[in-house]
Structures are given as structure tokens and as C-alpha cells.
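Participant: Input: one structure, supplied below.
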Ligand SMILES: *Cc1c(COP(=O)(O)O)cnc(C)c1O
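Numbering (the working numbering), first residue to last: -14 to 348.
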């Protein structure tokens, strides 16, 4: 038997989630963000499942080229932009759209001589509205905008910014960022873009012309402290699963796993599941983190190792070697496992390793 660790991806659920995003957007164009291998789901497969996406967002050139080489023809936006003049050749040749977030990127763009004379580009100019990671300050933003328009090389300019705290309802930083972006960009005649998944749900005023959902397409709740209302029905796209490969009974007081980090309170039945941090299961998952066996929950007992985890089956006498175990996905939200592991759904989904095979189902 080959290793049973597998990420099962339901493309129909991604399509459902895209439709939810589209509906929430209130008529804005939708950029489906599929960076980092579509948050671990496979960028080409996800792009093929969403032909109606108005654009795809990726981080870097390599991610964009993978899509173009697979025959994806939708507009593709490089959210991180490019960094040297030579890369502009590829941008031109593969017909990519570019975020410009720094003076250095702006300089390389202005210096680039397109192979085809008269060639123009779609550029997304980024304002730092308060997250202080990427983007121009408001005064530099206005200067950069002017330089781009005057360059004659811009076919269309989209003005954008990014939220730092949209995953929390009523963050004052979100209000401040939105006010600064609107004050700097509105009414200039260019399309605007600000909302990620969380803002798509919490902040309708930020939808403008383009929304940029990522995490919600994969069915995870983008809000950190709140359940979604029923009308926002996101379906988990990835179910990470494996099998029980060993079961044993141990006496009360014995410990399980490396470092004796879990001790049986009484006689216990311990199951070993073929999944570990070498597959992308989080090493920091705490004792008590749930797994799903059939429709019942068992809990993590002891440290996660590279290839295996142990679970307490004391209350599940009927389960046996060979039974399927769901680590997250349908029936067990990845956010819950992330919360028990001191991280977020984004990191767990993007962290699934290639040792766990990916299987797509499309129905
Ligand atoms: C990743 C990213 C997004 C998508 O964010 P989610 O929280 O996954 O919806 C949107 N915009 C930019 C610029 C990004 O980098």
C-alpha cells in the first residue's frame, strides 16, 4: 500500500465559493487570487476550474509563467511586481499585468524599452494606506501616477491598496485605510481595488471596481473572530486525509510520542495515523486537536512527528486499522485545526507538502 496521506480537492466547491464572492462583490470584477499554488490547491487546476475569473492574482513571475504555459489566457496580475528590467521582457511577451509598489519598480518600468514599439501595459499602482508593507506613500503615489500616465506606456492604470485588519469587524485601521485610499484615488478616472476576502464580507464600501478574494475561494472563513452568516455558504475545497496504520492499548500513566508530551489518564486506546509535519500537518498542533474518523472526533495525543500522529481512541472502540482519518476539510474546518496550532488556515493550506498526493474530483 502506498502512503495514504492525500489532499482531496473538490473543484466544484471552489466554483461555489467563487460564485459566493462574485455575488458579494455587487458587480465588481473579480480577481481570483491563486498565488502559492492556489493556497496549496494547485494553481493550474484551480485556474482551469474558474474560466470566468476576470483575472488571476499571483505573486511572482514564475507563478504567472506556469499558468501561461498551461494555456491559461485570462488576465494575470503579478501582485508582487517584478524587480529588474529583464523581467519586463517576460511581462511583455506573456501579456502580464503588473503591480508597481515601489520607486525602484517604477524606475525599471520607465526605463524598459518594449520590444514592440508602442506597446502599452496594464499597471496596478499600489498605495500604502497604513499596512506599511508595500506601496507608495500618498504624495509619492500621486507623483508615480502622473509619471505613469505621462510615460505613454500605460494602457490602463488600476489604483489599489491592501488592508491590514479586514478580518476583524470594526477595526479603526480598516476605516482609516479606506478613507485614505478613497481620498487619494477616488474621482481620478481610474478603476480602484482594495478588498481581499475579509473585506469582501465585512466592508462593502471597499468593493469599488475590482475585488481580490483568495482564502474564501478555498472555503476557509477569512474572519478571525466570527462565524459567517448562513447566506455566505463557503464549502471547504481541500480535505486532507490519511489512514490509521496502527492501534494499541496502553496502561494509564504511560506517555505517547516524542518527549512524553501526553500521558494517558487511565487505560487508553491509541491510534497511529500516517500523517506528520513531513506532509504539512502542523508540528505545533496541541494535544486535543481534533481529527475526524467517520463522523466521530478523536483527539491528538502527543507531539506531531514527521510521518505520524497519535490520537486517543479510548472513546471510539469500533474504529480499526485501515479506517480513513480526516485531518481537516469536510466535517472539520481547517480554521479549527489552525486555531489549535497557533496559526491560520492560510499557513496550513499552503503548507501541504508534495508527499501527500493531490487528487482532484470534479462533479
Ligand atoms: C493575497 C492577497 C489577496 C488575497 O487575500 P485573502 O485574504 O486570501 O483574500 C488580495 N490582495 C493582495 C494584494 C494579496 O497579496
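Cβ atoms here follow ideal geometry from the backbone N, Cα and C, with glycine treated the same way.
Return yes when at least one heavy atom of ligand 1 lies under 7 Å from the C-beta of residue 147, else no.
Facilitator: The residue given as residue 147 occupies position 162 in the chain shown. Indeed, a heavy atom of ligand 1 lies less than 7 Å from the Cβ.
Participant: How long is the line joining the alpha carbons of residue 152 and residue 103, rounded to whole angstroms?
Facilitator: Taking the first residue of the chain shown as 1, we reach residue 152 at position 167. Taking the first residue of the chain shown as 1, we reach residue 103 at position 118. Going from the Cα of residue 152 to the Cα of residue 103 covers about 42 Å.
Participant: Pop quiz: residue 276 and residue 283 are said to be a contact at Cβ under 8 Å. What is the actual Cβ separation, rounded to whole angstroms?
Facilitator: Residue mapping note: residue 276 aligns to position 291 of the chain shown, counting from 1. Residue mapping note: residue 283 aligns to position 298 of the chain shown, counting from 1. Indeed they touch by this definition, with Cβ atoms about 5 Å apart.
Participant: Tell whether a beta-carbon distance below 8 Å holds between residue 41 and residue 202.
Facilitator: Indexing the chain shown from 1 puts residue 41 at position 56. Indexing the chain shown from 1 puts residue 202 at position 217. Their beta carbons are not under 8 Å apart, which means residue 41 does not touch residue 202 by this criterion.
Participant: Between which two residues does the alpha helix (DSSP H) harbouring residue 325 extend?
Facilitator: What you label residue 325 is simply residue 340 of the chain shown in a count that begins at 1. Start and end: 319 to 325.
Participant: On the DSSP bridge list, what partners appear for residue 141?
Facilitator: The sequence position of residue 141 within the chain shown is 156, counting from 1. Looking at the DSSP assignment, residue 141 forms a beta bridge with 107.
Participant: With a threshold of 16 other CB atoms inside 10 Å of the CB of residue 83, please say whether the residue is buried or exposed.
Facilitator: Against the chain shown, residue 83 aligns to sequence position 98. That one is buried.
Participant: Taking 8 Å as the threshold, find out whether the segment 207 to 218 comes into contact with the segment 287 to 304 through three or more Cβ pairs.
Facilitator: No: the two stretches stay apart, fewer than three of their Cβ pairs being nearer than 8 Å.
Participant: Report yes if the C-beta distance between residue 308 and residue 255 is below 8 Å; otherwise report no.
Facilitator: Residue 308 sits at position 323 when you count from the first residue of the chain shown. Residue 255 sits at position 270 when you count from the first residue of the chain shown. Not a contact, by the Cβ cut-off of 8 Å.
Participant: Going by C-alpha distance, which of 272, 132, 108, 19 is nearest residue 327?
Facilitator: Locating residue 327 in the chain shown gives position 342, counting from the first residue. Measuring from the Cα of residue 327, the nearest candidate turns out to be 272.
Participant: For residue 32 and residue -2, what's the separation of their Cα atoms in angstroms?
Facilitator: Position 47 of the chain shown, counted from the start, is the residue given in the question as residue 32. Position 13 of the chain shown, counted from the start, is the residue given in the question as residue -2. If I take the Cα positions, the gap works out to 14 Å.
Participant: I need the boundaries of the alpha helix (DSSP H) containing residue 166, first residue and last residue.
Facilitator: Position 181 of the chain shown, counted from the start, is the residue given in the question as residue 166. Residues 157 to 170.
Participant: Output needed for residue 46: all residues of its chain with C-beta closer than 7 Å, excluding positions within five of it in sequence on either side, in chain order.
Facilitator: Working through the chain shown from its first residue, we reach residue 46 at position 61. Here the set comprises 63, 67, 72, 75.
Participant: Secondary structure at residue 66, three-state DSSP: helix, strand or coil?
Facilitator: Along the chain shown, one-based indexing puts residue 66 at 81. The answer is coil: DSSP assigns residue 66 none of H, G, I, E or B.
Participant: Is there at least one non-hydrogen atom of ligand 1 closer than 7 Å to the beta-carbon of residue 28?
Facilitator: Taking the first residue of the chain shown as position 1, residue 28 is located at position 43. False, no ligand heavy atom lies under 7 Å from that Cβ.
Participant: Using 8 Å as the threshold, is the C-beta distance between residue 265 and residue 336 below it?
Facilitator: Here the question's residue 265 lines up with position 280 in the chain shown. Here the question's residue 336 lines up with position 351 in the chain shown. Result yes, Cβ atoms of residue 265 and residue 336 sit closer than 8 Å.
Participant: May I ask you to list the residues that DSSP assigns as paired with residue 275?
Facilitator: Your numbering for residue 275 matches position 290 in the chain shown. Answer is 284, bridged to residue 275.
Participant: Can you tell which of 295, 209, 111 has its C-alpha closest to the C-alpha of residue 231?
Facilitator: Residue numbering aside, residue 231 sits at position 246 when the chain shown is read from its first letter. The shortest Cα separation from residue 231 among 295, 209, 111 belongs to 295.
Participant: May I ask you to list the residues that DSSP assigns as paired with residue 257?
Facilitator: Your numbering for residue 257 matches position 272 in the chain shown. Answer is 231, 295, bridged to residue 257.
Participant: Cutting at 8 Å between CB atoms, please list the residues of its own chain near residue 139, excluding the five before and the five after it.
Facilitator: By one-based count along the chain shown, residue 139 stands at place 154. For residue 139, where only same-chain residues beyond five positions count, the Cβ hits under 8 Å are 105, 106, 107, 108, 133.
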